[in-house]
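**Student:**
Protein chains: 2
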Amino acid sequence: MRKSAIEELAPEARRSGRRAGPSRTRSAVLAAAQRRFAELGNDRTTLRSIAAEAQVDQKLVGYFFGSKQALFVAATELPFDPGAAIQHVLGGDGDARGARLACLIVEMLENPMAGPRLIGLVRAAAAEPEAARMVRDLFGRQIWGPAAAKLPVKDPDLAVSLIASQALGLVLARYVIQVEPLASMPADKIVDLMAPTLQPLLTADKTGGRYARTRATNR
Amino acid sequence: MRKSAIEELAPEARRSGRRAGPSRTRSAVLAAAQRRFAELGNDRTTLRSIAAEAQVDQKLVGYFFGSKQALFVAATELPFDPGAAIQHVLGGDGDARGARLACLIVEMLENPMAGPRLIGLVRAAAAEPEAARMVRDLFGRQIWGPAAAKLPVKDPDLAVSLIASQALGLVLARYVIQVEPLASMPADKIVDLMAPTLQPLLTADKTGGRYARTRATNR
Chain E
4 MRKSAIEELA
14 PEARRSGRRA
24 GPSRTRSAVL
34 AAAQRRFAEL
44 GNDRTTLRSI
54 AAEAQVDQKL
64 VGYFFGSKQA
74 LFVAATELPF
84 DPGAAIQHVL
94 GGDGDARGAR
104 LACLIVEMLE
114 NPMAGPRLIG
124 LVRAAAAEPE
134 AARMVRDLFG
144 RQIWGPAAAK
154 LPVKDPDLAV
164 SLIASQALGL
174 VLARYVIQVE
184 PLASMPADKI
194 VDLMAPTLQP
204 LLTADKTGGR
214 YARTRATNR
Chain F
4 MRKSAIEELA
14 PEARRSGRRA
24 GPSRTRSAVL
34 AAAQRRFAEL
44 GNDRTTLRSI
54 AAEAQVDQKL
64 VGYFFGSKQA
74 LFVAATELPF
84 DPGAAIQHVL
94 GGDGDARGAR
104 LACLIVEMLE
114 NPMAGPRLIG
124 LVRAAAAEPE
134 AARMVRDLFG
144 RQIWGPAAAK
154 LPVKDPDLAV
164 SLIASQALGL
174 VLARYVIQVE
184 PLASMPADKI
194 VDLMAPTLQP
204 LLTADKTGGR
214 YARTRATNR
């Protein structure tokens with residue numbers, strides 16, 4: 004059933020007189036998506052234009068990737084090397100880890116190439132549960148997992164998820180919803196605001212860190 | 004031009020033999036949207052079903068509200084009284100303001116009625132720039148503005164935008180992208196994690212608060 008749908012919908016398979024195979028068609032769609040998304044961004048790119056560029060039927064794009072948001076996530080590569088980033092943040096002066104991580108996050112989000120890609124991933128995740136699952140897998144496998152393995156804190160998985168929460172909040176508040184004055188503040192001021200919140204999440208602490216504090220009784 | 008489009012597309016105006024007026028048609032669409040979104044949520048509600056329930060042409064829904072995300076924001080009322088919430092957080096013991104605000108945010112997000120509505124607003128804002136603008140206006144007018152007017156800190160607008168960033172990060176990390184262990188942690192543990200980050204944003208501080216600290220030189 005599925006096989007015949009691919010054969011029917013992939014003109015390249017028909018034209019060439021042989022079976023192109025699903026993986027070749029899928030790669031063609033992915034390459035076309037990468038070009039279109041890079042050129043126009045997620046909002047202005049249509050599934051129709053991707054299908055046209057890949058020379059396949061639009062239904063086939065849906066068959067392989069489900070939706071535009073899911074295709075966007077599948078077509079997006081992380082614009083940095085997570086391993087090198089983790090090493091940069093955790094190496095050097097221990098007291099400046101929060102500042103280095105804040106600087107890294109803000110510089111990437113402000114970068115004209117990397118920023119739109121990262122912000123686009125967050126927006127895609129928010130738009131659709133399937134894209135959210137894909138972003139969780141992508142970030143989990145490539146960033147959060149390796150980071151948690153290196154963090155010298157009591158509960159590294161929790162620390163990483165709290166760091167993720169800080170970065171996601173910044174993306175939404177400053178770049179997407181554009182809450183003032185956060186949205187128009189200089190980048191270095193944002194770094195100063197984030198650094199002290201990130202620092203305790205990156206540092207070994209005999210008490211277990213602020214984020215392992217027992218529940219306040221006085222509420 | 005626009006007027007004739009409304010007249011042409013609104014069957015109720017034609018049927019009744021008199022002009023229903025754009026505001027009456029708009030209200031009918033809004034009421035239908037509120038019922039459909041409340042019943043099925045944003046993801047599973049279609050513009051077509053809203054148009055059918057309001058007994059208007061689907062094009063007219065687009066004419067009045069632009070897109071489904073924008074209609075979702077327009078149809079959503081805040082599920083709490085911001086004035087009472089601000090009073091609750093700022094009244095009482097000053098040292099427990101962070102805990103009270105964290106408790107309020109988490110309780111609302113966990114509430115089966117209020118949570119999906121608030122999370123839906125954040126998701127709509129992330130999905131589409133027009134919906135983002137509407138959410139910024141809604142939150143700004145109803146929550147952030149009144150809160151900033153009452154906050155006893157040096158830069159209340161900045162403090163409010165940082166609080167917003169914390170809440171938005173929680174929404175995305177725990178409820179939308181579902182980063183573990185944050186996603187499956189008990190609600191009271193989340194409150195304990197958030198409270199110390201929120202506390203300095205809610206308290207007068209002669210030094211201007213942690214978030215007004217000058218830039219660290221040691222990076």
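The listed protein sequences correspond, in order, to chains E and F.
With the numbering used here, letter number 207 in the first sequence gets 210, and the count goes up by one each step, no holes.
With the numbering used here, letter number 176 in the second sequence gets 179, and the count goes up by one each step, no holes.
Heads up, the beta-carbon is just placed ideally off N, CA and C, and yes, glycines get one too.
Note that the coordinates shown come from a computational prediction; the quantities given were computed from them, not determined experimentally.
Which residues in chain F have a C-beta closer than 7 Å to the C-beta of residue 164 of chain E? List them in chain order.
**Tutor:** Correct list: 176, 182, 183, 184, 185.
**Student:** Only counting runs of 4 or more residues, tell me where the alpha helix (DSSP H) segments fall wholly within the segment 133-173 of chain F, in order along the chain.
**Tutor:** List check, alpha helix (DSSP H) in window: 148-153, 159-173.
**Student:** Can you tell me where the alpha helix (DSSP H) with residue 128 of chain E in it begins and where it stops?
**Tutor:** Per DSSP, residue 128 of chain E belongs to the alpha helix (DSSP H) from 117-130.
**Student:** Hey, is residue 78 of chain E's beta-carbon within less than 7 Å of any beta-carbon in chain F?
**Tutor:** No, because no Cβ of chain F sits closer than 7 Å to the Cβ of residue 78 of chain E.
**Student:** Report the neighbours of residue 169 of chain F on chain E: residues whose CB is nearer than 7 Å to its CB, in chain order.
**Tutor:** Simply 172.
**Student:** Taking Cβ-Cβ distances shorter than 8 Å, what residues in chain A pair up with residue 160 of chain F?
**Tutor:** Of the protein chains in this structure, namely E and F, none is chain A.
**Student:** Return the CA-CA distance between residue 102 of chain E and residue 136 of chain E, expressed in angstroms with no decimal places.
**Tutor:** Cα-Cα distance, rounded: 30 Å.
**Student:** Which of the three DSSP states, helix, strand or coil, is assigned to residue 188 of chain F?
**Tutor:** Correct three-state label for residue 188 of chain F: coil.
**Student:** Excluding sequence positions up to five away, which residues of its chain have a Cβ less than 6 Å from the Cβ of residue 104 of chain E?
**Tutor:** The residues are 92, 201.
**Student:** If you draw a straight line from the C-alpha of residue 30 of chain F to the C-alpha of residue 57 of chain E, how long is it?
**Tutor:** Rounded to whole angstroms, residue 30 of chain F to residue 57 of chain E spans 44 Å at the Cα level.
**Student:** Go ahead and label residue 172 of chain F buried or exposed: buried means 16 or more other beta carbons lie within 10 angstroms of its beta carbon, across all protein chains shown.
**Tutor:** When all chains shown are included, residue 172 of chain F counts as buried.
**Student:** Determine, using beta carbons only, whether residue 109 of chain F and residue 67 of chain F come nearer to each other than 7 Å.
**Tutor:** Not a contact, by the Cβ cut-off of 7 Å.
**Student:** When you compare only the Cα positions, how much space is there between residue 162 of chain E and residue 151 of chain E?
**Tutor:** One C-alpha to the other measures close to 8 Å.
**Student:** For the alpha helix (DSSP H) containing residue 36 of chain F, list its first residue and its last residue.
**Tutor:** Start and end: 25-47.
**Student:** Of the choices E:187, E:98, E:74, whose alpha-carbon is the least far from that of residue 35 of chain E?
**Tutor:** Nearest of E:187, E:98, E:74 to residue 35 of chain E, Cα basis: E:74.
**Student:** Anyone know if the C-beta pair for residue 112 of chain E and residue 118 of chain E falls short of 7 Å?
**Tutor:** Taking 7 Å as the Cβ cut-off, residue 112 of chain E and residue 118 of chain E qualify as a contacting pair.
**Student:** How far does the alpha helix (DSSP H) with residue 70 of chain F in it reach, from first residue to last?
**Tutor:** Note, residue 70 of chain F: premise wrong, no alpha helix (DSSP H); not H, not E.
**Student:** Please determine if the segment 139-155 of chain E and the segment 172-184 of chain F are in contact, where contact requires at least 3 C-beta pairs separated by less than 8 Å.
**Tutor:** Judged by Cβ distances under 8 Å, the segment 139-155 of chain E makes contact with the segment 172-184 of chain F, as three or more pairs qualify.
**Student:** Taking Cβ-Cβ distances shorter than 7 Å, what residues in chain E pair up with residue 28 of chain F?
**Tutor:** In chain order: nothing, as chain E lies at least about 29 Å away.
**Student:** Residue range of the alpha helix (DSSP H) that residue 90 of chain E falls in?
**Tutor:** Note, residue 90 of chain E: alpha helix (DSSP H), 85-93.
**Student:** Which two residues bound the contiguous alpha helix (DSSP H) that contains residue 109 of chain E?
**Tutor:** Run containing residue 109 of chain E: 100-113, per the alpha helix (DSSP H) assignment.
**Student:** With DSSP run on the structure shown, which of helix, strand or coil describes residue 204 of chain F?
**Tutor:** Helix.
**Student:** Inspect the beta-carbon positions of residue 61 of chain F and residue 134 of chain F and report whether they are closer than 7 Å.
**Tutor:** No, the Cβ-Cβ distance between residue 61 of chain F and residue 134 of chain F is not below 7 Å.
**Student:** Expressed to the nearest angstrom, what Euclidean distance is found between the alpha-carbon atoms of residue 99 of chain F and residue 87 of chain E?
**Tutor:** Using only the alpha carbons, I get a separation of about 40 Å.
**Student:** May I ask you to report which of helix, strand or coil DSSP gives residue 82 of chain E?
**Tutor:** Residue 82 of chain E falls in the coil class under three-state DSSP.
**Student:** If you measure from the beta carbon of residue 48 of chain E to each beta carbon in chain F, is any gap under 7 Å?
**Tutor:** So no, residue 48 of chain E is outside the interface.
**Student:** Buried or exposed: residue 28 of chain F, going by 16 or more other Cβ atoms within 10 Å of its Cβ?
**Tutor:** That one is buried.
**Student:** Tell whether a beta-carbon distance below 7 Å holds between residue 168 of chain E and residue 176 of chain F.
**Tutor:** Taking 7 Å as the Cβ cut-off, residue 168 of chain E and residue 176 of chain F qualify as a contacting pair.
**Student:** Could you name the residues of the segment 128-160 of chain F whose beta carbon sits closer than 9 Å to any beta carbon of chain E, in the order they occur along the chain?
**Tutor:** Flagged, chain order: 128, 129, 130, 131, 132, 135, 136, 138, 139, 142, 143, 147, 158, 160.
**Student:** Just the Cα atoms here: how many angstroms apart are residue 97 of chain E and residue 206 of chain E?
**Tutor:** Cα-Cα distance, rounded: 7 Å.
**Student:** Would a check of beta-carbon distances place residue 206 of chain F closer than 7 Å to chain E?
**Tutor:** Judged by the 7 Å Cβ criterion, residue 206 of chain F is not in contact with chain E.
**Student:** Are residue 126 of chain F and residue 129 of chain E close, meaning C-beta to C-beta below 7 Å?
**Tutor:** Going by C-beta atoms, residue 126 of chain F is nearer than 7 Å to residue 129 of chain E.
**Student:** Rank F:50, F:158, F:191, F:153 by C-alpha distance to the C-alpha of residue 85 of chain F and give the top, closest one.
**Tutor:** Taking only the C-alpha atoms, the option nearest residue 85 of chain F is F:153.
**Student:** State the Cα-Cα distance for the pair residue 89 of chain E and residue 107 of chain E, rounded to the nearest angstrom.
**Tutor:** Their backbone Cα atoms lie some 10 Å apart in a straight line.
**Student:** Nearest chain F C-beta to residue 126 of chain E closer than 7 Å, yes or no?
**Tutor:** Judged by the 7 Å Cβ criterion, residue 126 of chain E is in contact with chain F.
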